[in-house]
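> The structure that follows is given in the form of structure tokens.
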Amino acid sequence: MSMREVASEYGIALSTVNNVRKNEAQILSQLDGSSSKSRRRRMRKTVNAEVNELMFQFFVRCRAKLIPITGQLLQTKAIDIARRMGINDFHASNGWLESFTRRHNMKFRTISGEAAAVHECTEGTADEIVEELLSKSNAKEVLSEEVEGPLDEKLTYSEAITMIRKLTKIFVSRTA
Numbered sequence: 001m002s003m004r005e006v007a008s009e010y011g012i013a014l015s016t017v018n019n020v021r022k023n024e025a026q027i028l029s030q031l032d033g034s035s036s037k038s039r040r041r042r043m044r045k046t047v048n049a050e051v052n053e054l055m056f057q058f059f060v061r062c063r064a065k066l067i068p069i070t071g072q073l074l075q076t077k078a079i080d081i082a083r084r085m086g087i088n089d090f091h092a093s094n095g096w097l098e099s100f101t102r103r104h105n106m107k108f109r110t111i112s113g114e115a116a117a118v119h120e121c122t123e124g125t126a127d128e129i130v131e132e133l134l135s136k137s138n139a140k141e142v143l144s145e146e147v148e149g150p151l152d153e154k155l156t157y158s159e160a161i162t163m164i165r166k167l168t169k170i171f172v173s174r175t176a
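Just so it is clear: in the sequence shown, position 156 is 156 by UniProt numbering, and no numbers are missing.
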């Protein structure tokens with residue numbers, strides 16, 4: 001069946017059929033990785049996807065080390081990472097922060113045992129994490145990196161996030 005026939009059969013534009021066919025692999029992978037199959041999601045591309053992905057990894061690593069995170073810290077580190085990657089037109093505005101935190105379902109809550117204020121060593125530790133992320137030969141190596149989980153099983157970052165959340169809940173329930 002030709003693309004024109006498909007377009008006329010479903011009553012959609014030929015360009016839509018072309019876009020679906022061109023992005024078939026990405027669409028199928030999005031469906032496979034979707035947590036809620038009944039909920040429709042848009043596959044949006046962000047202008048600075050590499051910066052956003054590195055910032056998400058930064059957030060995950062800071063949370064894993066129980067480092068308190070603030071919006072201002074995320075904005076500062078995002079600008080730092082972008083500059084080091086040679087992206088000089090990146091602005092970590094409040095709008096960027098809001099979109100970033102909504103996209104990754106981030107909440108700035110107090111971690112059990114964490115003081116309300118940012119700890120003095122946070123900046124130094126955060127800088128070390130940024131250095132570690134940027135020390136890879138390129139951003140794609142960081143983006144495809146896997147995390148070692150308990151019992152030496154390989155975990156993707158989304159699985160690691162889920163595990164960190166579960167462990168945090170267990171820790172909180174035991175210390176409460």
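Beta carbons: idealized from backbone N, C-alpha and C, even for Gly. Predicted, not measured: the structure shown is a model, and the values here were computed from it.
Identify the continuous alpha helix (DSSP H) that holds D80 and give its terminal residues.
Position 80 of the sequence shown, counted from the start, is the residue given in the question as residue 80. From DSSP, the alpha helix (DSSP H) with D80 extends over G71 to R84.
> Kindly list the residues whose CB is nearer than 6 Å to the CB of P150, restricted to its own chain and excluding five residues on each side of it in sequence; keep chain order.
Taking the sequence shown and counting its residues from 1, one reaches residue 150 at position 150. Low confidence applies here, because P150 scores a pLDDT of 44, under 50, leaving its location unreliable and the question unanswered by this model.
> Among L74, V17, I12 and N18, which has the Cα closest to the Cα of H91?
Along the sequence shown, read from residue 1 onward, the residue named residue 91 stands at position 91. If we check each option's Cα against that of H91, L74 comes out closest.
> Looking at V20 and I27, is the spacing between their C-beta atoms short of 9 Å?
Mapped onto the sequence shown, residue 27 falls at position 27. Mapped onto the sequence shown, residue 20 falls at position 20. Yes, they are a contact pair.
> Specify, as a first and last residue, the run of the alpha helix (DSSP H) that G95 falls within.
As a first step, residue 95 is located in the sequence shown; it is residue number 95 there, counting from the start. Here the alpha helix (DSSP H) through G95 covers N94 to R103.
> Within 8 Å: the Cβ of L28 and any heavy atom of the ligand GDP?
The model depicted lacks the ligand GDP and carries no ligand whatsoever.
> Cα-Cα, which of R63, K65, I81 and L66 is closest to E50?
Taking the sequence shown and counting its residues from 1, one reaches residue 50 at position 50. That would be I81, whose Cα lies nearest to the Cα of E50.
> Could you tell me which of L14, F108, R4 and K22 sits nearest to I67, measuring between CA atoms?
Position 67 of the sequence shown, counted from the start, is the residue given in the question as residue 67. With distances taken between Cα atoms, I67 lies closest to F108.
> Put I87 into one of helix, strand or coil per three-state DSSP.
Translated into positions along the sequence shown, residue 87 becomes position 87. Coil.
> Quick one: measure Cβ to Cβ for I87 and N48, integer angstroms, because I've assumed they're closer than 8 Å.
Within the sequence shown, the letter at position 87 stands for residue 87. Within the sequence shown, the letter at position 48 stands for residue 48. Indeed, because the Cβ distance is near 6 Å, the residues count as touching under 8 Å.
> By a C-beta neighbour count over all protein chains shown, 10 Å radius and 16 as the cutoff for buried, is M55 buried or exposed?
On the sequence shown, residue 55 is found 55 positions in, with the first residue counted as 1. Buried is the call here.
> Where do the N-terminal and C-terminal ends of the alpha helix (DSSP H) with A64 fall, by residue?
One-based indexing of the sequence shown puts residue 64 at position 64. Run containing A64: A49 to A64, per the alpha helix (DSSP H) assignment.
> In the DSSP assignment, find the alpha helix (DSSP H) that holds M1 and state where it starts and stops.
In the sequence shown, counting from the first residue as 1, residue 1 sits at position 1. Per DSSP, M1 belongs to no alpha helix (DSSP H) and is neither H nor E.
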